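Chain order of the listed sequences is A and B. Heads up: the first sequence begins at 216 in our numbering, then just goes up one per residue. Heads up: the second sequence begins at 216 in our numbering, then just goes up one per residue. Quick reminder that beta carbons are idealized off the backbone N, C-alpha and C, glycines included. Since the structure is predicted, the reported quantities are computational estimates derived from the model, not experimental observations.
2 protein chains.
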Amino acid sequence: MKARTKTAFLFDMDGTLLDSVYEHVMAWGQALHENKIEVPVWKIHRRIGMSGGLFTAALTRELGHDIDEATKTRLRDRHAEIYNGISARIQPLPGAIKLLEHLSANDIPWAIATSSQMKTAAPVLAKFGVDPAKHVVVTRDMVRYAKPDPDLFLAAAEKLGVDIKEACVVGDAVWDMLASKRAHALGIGFLSGGYGEEELIRAGAYRVFEDPADMLTHIDEVGGRR
Amino acid sequence: MKARTKTAFLFDMDGTLLDSVYEHVMAWGQALHENKIEVPVWKIHRRIGMSGGLFTAALTRELGHDIDEATKTRLRDRHAEIYNGISARIQPLPGAIKLLEHLSANDIPWAIATSSQMKTAAPVLAKFGVDPAKHVVVTRDMVRYAKPDPDLFLAAAEKLGVDIKEACVVGDAVWDMLASKRAHALGIGFLSGGYGEEELIRAGAYRVFEDPADMLTHIDEVGGRR
């Protein structure tokens with residue numbers, strides 16, 4: 216039998232390494248409200264982490280009428296503006312920094328794959344010691360389709376030089392888990408984005424942890440042998 | 216066989232009739248952050264709707280050290296202040312007003328039972344046409360223990376003059392469902408507070424709807440015959 220390759224870990228960012236999901240929710244809620252579009256907040260929450268295009272498509276279905284392109288652009292810009300205004304107080308999730316350090320120290324390949332643009336992601340990546348010049352970071356602007364399409368994770372595996380079938384996608388959203396299935400990777404779900412455990416399992420997670428700290432405690436159960 | 220009494224509906228307010236859970240989450244998050252207490256936001260979310268005393272007890276467990284009484288008071292006051300500052304934009308959830316109107320028009324008893332104080336609840340009750348002088352509203356200040364203790368729902372049933380065993384507790388939080396079990400009432404869960412469906416079912420919900428509009432559409436399935 217050939218020696219197996221080491222499991223690689225492909226991380227989502229918002230809600231997985233960074234405690235930022237609720238800030239994104241509120242920023243979208245406020246942007247929509249200012250544009251006289253009323254959507255219940257929990258429905259925004261359940262759409263965070265998917266591609267912006269699919270987000271506005273879902274919104275259109277929800278409202279039962281189309282949103283014109285100018286409004287879509289205005290919403291996206293206003294969301295970014297509000298989010299950037301509050302992002303200073305956003306913290307890494309418990310254990311995020313230690314988990315990445317552990318993987319690096321044990322030569323276990325890891326990367327970050329986020330539906331955010333690089334210009335939004337770069338300032339927050341620094342909060343948990345990630346430098347796109349040194350680590351593999353794949354952002355929205357590098358691929359054709361964002362989550363729940365598998366492109367972000369496929370690109371991350373390719374950049375790491377690993378087989379996606381030997382990789383784990385780690386995320387807090389149903390969209391990460393759906394993308395992991397489509398990429399033929401295993402999915403690990405975190406509760407730290409505010410989804411329930413069974414929502415993640417039903418979407419394909421083969422294991423669910425609370426947050427990065429909880430995953431680090433159990434890392435040997437999911438292929439991160441020391 | 217004796218004629219059965221009509222099912223009565225005992226509603227939670229925040230996240231069930233009012234789209235306010237995420238605003239409460241952010242207000243707590245900001246109050247804690249200002250007091251140099253860092254708690255991941257999803258853990259705050261999962262505690263909304265429980266009694267303030269149990270909320271701070273849970274916080275103490277989470278932090279691994281005690282919080283002094285002065286800080287607890289400061290946190291509660293600051294949460295109320297921030298929440299009141301943003302509560303103007305808070306809307307009733309889809310169908311909330313129509314659902315209560317339907318029940319009233321069909322002589323189906325209903326009441327509101329909330330872990331909020333009357334001073335916080337009164338201004339928002341008006342948003343969906345509820346007047347504590349005309350309708351049964353039970354608030355935190357009227358009972359000894361708030362949710363997940365059953366006192367609020369027991370008091371609401373008593374005020375309505377209905378048997379709690381013939382009542383349905385309607386809420387968005389696991390704490391409402393636990394209280395419904397302890398009160399020997401049936402529990403109906405709503406997704407509109409951001410919990411997952413299975414979290415509500417595991418906590419005792421015998422039926423789950425998206426929000427008040429969804430419940431109104433299916434009202435004849437849960438005892439609200441027209």
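Q.
Give me the subset of the stretch 407–438 of chain A whose CB atoms are less than 7 Å from a CB atom of chain B, sorted by chain position.
A. S407, G408, G409, Y410, G411, E413, E414, D426
Q) Roughly how many angstroms lie between the CA atoms of B:V385 and B:L247, to the nearest whole one? A) 29 Å
Q | Under the three-state DSSP convention, the category A:R304 falls into | A | helix
Q. Around the Cβ of B:D346, are there at least 16 other Cβ atoms within 10 angstroms (buried) or fewer (exposed)?
A. exposed
(Q) Please report the distance separating the alpha-carbon of B:I323 from that of B:T432. (A) 16 Å
Q: Check the C-beta distance from B:V358 over to B:A326 and give it rounded, since I have them as a contact under 8 Å.
A: The C-beta distance from B:V358 to B:A326 rounds to 13 Å, too long to fall under 8 Å, and the pair is not in contact.
Q: Please report the Cβ distance between B:D356 and B:G264, rounded to the nearest whole angstrom; I am assuming they are in contact, meaning their Cβ atoms lie under 8 Å.
A: Between B:G264 and B:D356 the Cβ distance is about 16 Å, and since that is not below 8 Å, they are no contact.
(Q) With a threshold of 8 Å on Cβ separation, who are the neighbours of B:K342 within its own chain once the five nearest residues in sequence on each side are excluded? (A) L233, I305, Q306, P307
Q. Do the CB positions of A:A388 and A:Y421 come within less than 8 Å of each other?
A. no
Q) Within 8 Å (strictly less), CB to CB, does B:D356 reach chain A? A) Chain A places no beta carbon closer than 8 Å to that of B:D356, leaving this residue out of the contacts.
Q. When the cut-off is 8 Å and only beta carbons count, does A:Y237 lie next to chain B?
A. yes
Q) So what does DSSP say about B:I323, is it helix, strand or coil? A) coil
Q) Going straight from the alpha carbon of B:S331 to that of A:K334, what length do you get? A) If you take the alpha carbons of B:S331 and A:K334, they lie about 41 Å apart.
Q. Going along chain B in order, which residues have a C-beta closer than 8 Å to the C-beta of A:V240?
A. Going along chain B in sequence order, the residues near A:V240 (Cβ under 8 Å) are Y237.
Q: Check whether the Cβ atoms of A:V423 and A:T220 lie closer than 8 Å to each other.
A: no
**Q.** Nonlocal neighbours in the same chain, by C-beta distance under 6 Å from A:M228, ignoring five residues either side
**A.** Cβ within range, chain order: I327, T329.
Q) What residues from chain A crowd round B:V256, counting only those whose CB sits closer than 9 Å? A) D234, S235, V236, Y237, E238, S407, G409
(Q) In this structure, how does DSSP classify B:D229 when only helix, strand and coil are distinguished? (A) strand
Q: At 7 Å on the CB atoms, spell out the chain B contacts of A:E253, in chain order.
A: Q306
Q: Can you give me the Cβ contacts of A:K374 inside the same chain, cut-off strictly under 6 Å, excluding the 5 residues immediately before and after it?
A: V351
Q.
Just list the residues that DSSP pairs A:G386 with in beta bridges.
A. A:G404
Q.
Which of the three DSSP states is assigned to B:Y298 in this structure?
A. helix
Q: Could you work out which residues of chain E lie near B:H248, taking near to mean beta carbons separated by less than 7 Å?
A: No chain E is present in this structure, whose protein chains are A and B.
Q. At a cut of 8 Å, does the stretch 310–323 of chain B reach the stretch 271–288 of chain B through at least three beta carbon pairs?
A. Flag = no, the stretch 310–323 of chain B and the stretch 271–288 of chain B do not touch.
Q) Are the Cβ atoms of B:E436 and B:T222 separated by less than 8 Å? A) No, Cβ-Cβ distance for B:E436 and B:T222 is not below 8 Å.
Q.
Is there a Cβ of chain B sitting closer than 8 Å to that of A:H260, yes or no?
A. Answer yes: the Cβ-Cβ gap between A:H260 and chain B drops below 8 Å somewhere.
Q. What's the call for A:P255, buried or exposed, on a 16-neighbour Cβ count within 10 Å?
A. Buried: at least 16 other Cβ atoms inside 10 Å.
Q) B:F368 and B:T231: beta carbons closer than 8 Å? A) no
Q: State the DSSP-derived secondary structure class of B:A370, mapped to helix, strand or coil.
A: helix
Q: Pick helix, strand or coil for B:Y237, following the three-state DSSP scheme.
A: helix
(Q) Is the beta carbon of A:A372 closer than 8 Å to that of A:L225? (A) Yes, they are a contact pair.
Q: Please state whether DSSP places A:R422 in a helix, a strand or coil.
A: A:R422: strand per DSSP, three-state reduction.
Q: Could you tell me the distance, in whole angstroms, from the CA atom of A:S302 to the CA atom of A:A242?
A: Straight-line Cα distance between these residues: approximately 10 Å.
Q) Which residues of chain B have a Cβ atom closer than 7 Å to the Cβ of A:P309, listed in chain order? A) Chain B residues near A:P309: P255.
(Q) Measuring straight from C-alpha to C-alpha, what distance separates B:I312 and A:G310? (A) 44 Å
Q: Answer yes or no: do A:S407 and B:W257 have a C-beta to C-beta separation smaller than 8 Å?
A: Cβ atoms of A:S407 and B:W257: closer than 8 Å.
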